[in-house]
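A.B. asks:
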Amino acid sequence: MPVDALAVLAEPARRRILDELRHADLSVGALVGALQMSQPAVSKHLRVLRDAGFVTCRTAAQQRIYHLEPERFRALDAWLAPYRALWTRHLDALERHLDSEEQP
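According to full-length UniProt numbering, the sequence shown is numbered sequentially starting from 1.
Spelled out as structure tokens, the structure:
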């Protein structure tokens with residue numbers, strides 16, 4: 001059963017982890033310090049993100065280093081594209097309407 005990406009991203013702590021990983025690959029310890037969360041909580045959220053395909057990890061000495069997985073974000077972006085197009089059309093129509101109201 002595929003993991004629901006939106007359900008995974010609904011959790012604020014997971015979004016904060018992803019925000020940190022946008023800047024650099026980080027260890028669990030670095031994420032704990034940056035987010036001021038407990039190590040078990042960070043590890044739990046990282047496991048969910050890893051299972052959903054948003055992050056991958058590699059082992060470096062005694063640490064697991066986490067990295068964003070761009071393919072999962074591309075898939076989410078592709079799913080969102082039709083909705084962005086819908087809203088863009090609506091916003092463009094609103095802009096045209098407002099512009100026509102301003103004309104004397």
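Positions of the beta carbon are idealized from the N, C-alpha and C atoms, including for glycine.
Mapping the DSSP letters down to three states, classify residue 60 as helix, strand or coil.
C.D. replies: Residue state, collapsed to three classes: strand.
A.B. asks: Tell me which residue opens and which closes the alpha helix (DSSP H) that residue 73 is part of.
C.D. replies: Unbroken alpha helix (DSSP H) run through residue 73: 70-102.
A.B. asks: Short check: CB of residue 28 to CB of residue 48, under 7 Å?
C.D. replies: Not closer than 7 Å, so no.
A.B. asks: My output table needs one value for residue 27: the three-state DSSP class, helix, strand or coil.
C.D. replies: In the structure shown, residue 27 sits in a strand (DSSP, three-state: E or B).
A.B. asks: Applying the criterion that 16 or more other CB atoms from any shown protein chain within 10 Å of the CB defines a buried residue, is residue 91 buried or exposed?
C.D. replies: Exposed.
A.B. asks: In angstroms, rounded to a whole number, what distance separates the CA positions of residue 14 and residue 7?
C.D. replies: The straight-line gap from Cα to Cα measures roughly 11 Å.
A.B. asks: What residue range does the alpha helix (DSSP H) around residue 51 cover?
C.D. replies: It spans 39-51 - the alpha helix (DSSP H) in which residue 51 sits, taken as one unbroken run.
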